[in-house]
Amino acid sequence: MTARVFSDTVCTLGEGAFWHPERAQFFWFDILGKKLLTCSGDDEQVWQFDNCVSAAGWVDRDTLIMASANGLWRFEIETGRREKLIDLEADNPVTRSNDGRADPQGGFWIGTMGYNAEPGAGAIYRFYRGELRKLFDKITITNAICFGPDGDAAYFTDTKDGRVMRVALDADGWPDGDPQVYLDLRNEDFGADGAVIDAHGNFWNAQWGASRVACYAPNGTLIETRAVPTPQASCPCFGGSDLSTLFVTTAADGLSGDDMAGKTFAIDTNVTGQPEHRVIL
């Protein structure tokens, strides 16, 4: 169950890994390369944009919601056409989008951050049925946005801070109460990056600087780790025919002489992930 190379394409900053359940197809991003990538069979496809793109969710078989540096977009997979749904900090040239994922109630959560990780410049938003609402602010590096399988909780982190937070959700998927600390990783020598939760509620976290994805139980106990052959693991997701393949993006930014940096990996596991949730526009 070692990591194998899924894509040799080097991403400056790989992110936004997700598996489209209706298409049985993996998508990911190179944020700094301004690219959306996908692989269907042996064919890899790349869409190039004029600004940073970072995360997506599926609306239907042929449509994604996609976050860019300054907006949320409706994106047609077959044609590459996109239409802006709503601005996202479009009046703030300091920030761009970063980590994001769809929740079980049909909302899409997206985080922002400064291009240079300016302290406290970022925020987390939720887009739901046409409304974009700011949920949390004063975040430096938004990451680890993911959701419990029964839709009762959301998780997120400020990588700079080092604590992974958990917040209860109401029946419509909005935060209900104040976030509580789920994991305190402030004394570790790595950064908590992107994350996903499996069908049993375990939290899988890509750990920047640690060459691994770590799995934690719902109570925060470390269960296992899966090695990635380059230091900067950035975002995991579950996919494949039975949702047991762990895909992991990585980043080449700032690394030299590392032949694996920025490639995308796949790890066979004995666990089952959640299907990515459908976004309701």
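Following my numbering, the numbering of the sequence shown begins with 61 at its first residue and continues without gaps. We treat Cβ as the ideally placed atom computed from N, Cα and C, and that holds for glycine. No experiment lies behind these values; they were computed from the predicted model shown.
Practice problem: Specify whether the segment 154-171 and the segment 135-144 touch according to this definition: at least 3 beta carbon pairs, one from each stretch, less than 8 angstroms apart. | Solution: no
Quiz prompt | Three-state class that DSSP yields for Gly38 in the structure shown | solution = A query on residue 38 cannot be resolved here, the shown segment of the chain reaching from 61 to 341 and no further.
Quiz item: Between the C-alpha atoms of Ser294 and Ser128, what's the straight-line distance to the nearest angstrom?
Solution: Numbered from its first residue, the sequence shown carries residue 294 at position 234. Numbered from its first residue, the sequence shown carries residue 128 at position 68. One C-alpha to the other measures close to 18 angstroms.
Exercise. Specify whether the segment 194-203 and the segment 215-224 touch according to this definition: at least 3 beta carbon pairs, one from each stretch, less than 8 angstroms apart.
Key: yes
Quiz prompt | Proximity to Lys95 [Cα-Cα], best of Gln85, Glu104 and Ser114 | solution = Position 35 of the sequence shown, counted from the start, is the residue given in the question as residue 95. Comparing Cα-Cα distances from Lys95 to each of Gln85, Glu104 and Ser114, the minimum goes to Ser114.
Self-check item: Member of Leu124, Asp151 and Met225 whose CA lies at the smallest distance from the CA of Leu341
Solution: Against the sequence shown, residue 341 aligns to sequence position 281. Ranking Leu124, Asp151 and Met225 by Cα distance to Leu341 puts Leu124 first.
Quiz item: Should Lys194 be labelled buried (16 or more other beta-carbon atoms within 10 Å of its own) or exposed?
Solution: The residue labelled residue 194 in the question sits at position 134 within the sequence shown. Exposed, by the Cβ-count rule.
Quiz item: What are the partner residues of Tyr276, as DSSP defines its beta bridges?
Solution: For the purposes of this step, residue 276 is taken as the residue at position 216 of the sequence shown. The partner list for Tyr276 (beta bridge, DSSP) reads Phe263 and Leu282.
Quiz item: To which residues of the same chain is Tyr242 closer than 7 angstroms at the C-beta, ignoring the five residues directly before and after it?
Solution: Within the sequence shown, numbered from 1, the residue matching residue 242 stands at position 182. Only Tyr215, Val224, Met225, Arg226 and Gly280 meet the Cβ criterion.
Exercise. Could you tell me whether the segment 283-292 touches the segment 232-241, where touching means 3 or more Cβ pairs closer than 8 angstroms?
Key: no
Quiz item: Beta carbon of Ile184, beta carbon of Phe196: below 7 angstroms?
Solution: For the purposes of this step, residue 184 is taken as residue 124 along the sequence shown, with counting starting at 1. For the purposes of this step, residue 196 is taken as residue 136 along the sequence shown, with counting starting at 1. For Ile184 and Phe196, yes; Cβs fall inside 7 angstroms.
Practice problem: With Leu96 as the anchor, note down where its beta strand (DSSP E) starts and where it stops. | Solution: As a working note, residue 96 is residue 36 in the sequence shown. Start and end: Lys95 to Ser100.
Quiz prompt | Sufficient close CB pairs (3 or more, under 8 angstroms) joining the segment 308-327 to the segment 64-78 | solution = yes
Self-check item: Proximity winner among Asp302, Phe207 and Val308, relative to Val331 (alpha-carbon distances)
Solution: The residue you call residue 331 lines up with position 271 of the sequence shown. It is Asp302.
Quiz item: What residues in its chain sit with their C-beta under 6 angstroms from that of Gly237, if we drop five residues either side in the sequence?
Solution: Here residue 237 corresponds to residue number 177 of the sequence shown, with the count starting at 1. These residues qualify, in order along the chain: Ala228.
Quiz prompt | Contact belief for Val308 with Val256 at Cβ below 8 angstroms, rounded distance in angstroms | solution = Taking the first residue of the sequence shown as 1, we reach residue 308 at position 248. Taking the first residue of the sequence shown as 1, we reach residue 256 at position 196. The Cβ separation is near 10 angstroms, so there is no contact.
Self-check item: Stretch-stretch touch, CB-based, cutoff 8 angstroms, three pairs: the segment 170-186 with the segment 247-262
Solution: no
Practice problem: Just grab the DSSP bridge partners of Cys206 for me. | Solution: Taking the sequence shown and counting its residues from 1, one reaches residue 206 at position 146. In DSSP, Cys206 forms a bridge with Tyr215.
Exercise. Can you say whether Ile146 is buried or exposed, counting buried as having 16 or more other CB atoms within 10 angstroms of its CB?
Key: Within the sequence shown, the letter at position 86 stands for residue 146. With fewer than 16 other Cβ atoms within 10 Å, it is exposed.
Quiz item: Cα separation between Gly317 and Leu192?
Solution: By 1-based counting over the sequence shown, the position of residue 317 is 257. By 1-based counting over the sequence shown, the position of residue 192 is 132. Each residue's alpha carbon lies about 42 angstroms from the other.
Quiz item: So what does Arg156 bridge to, in DSSP terms?
Solution: Mapped onto the sequence shown, residue 156 falls at position 96. DSSP output for Arg156 lists Met173 as bridge partner(s).
Quiz item: What does a CB cutoff of less than 6 angstroms around Pro291 pick up in its chain, not counting 5 residues either side in sequence?
Solution: If you number the sequence shown from 1, residue 291 lands on position 231. Correct list, in chain order: Gly269 and Ser271.
Quiz item: Buried or exposed: where does Ala333 fall if 16 or more other Cβ atoms within 10 Å of its Cβ makes it buried?
Solution: Along the sequence shown, read from residue 1 onward, the residue named residue 333 stands at position 273. Looking at the sequence provided, one finds Gly at residue 333 rather than Ala. Buried, because 16 or more other Cβ atoms sit within 10 Å of the Cβ of Gly333.
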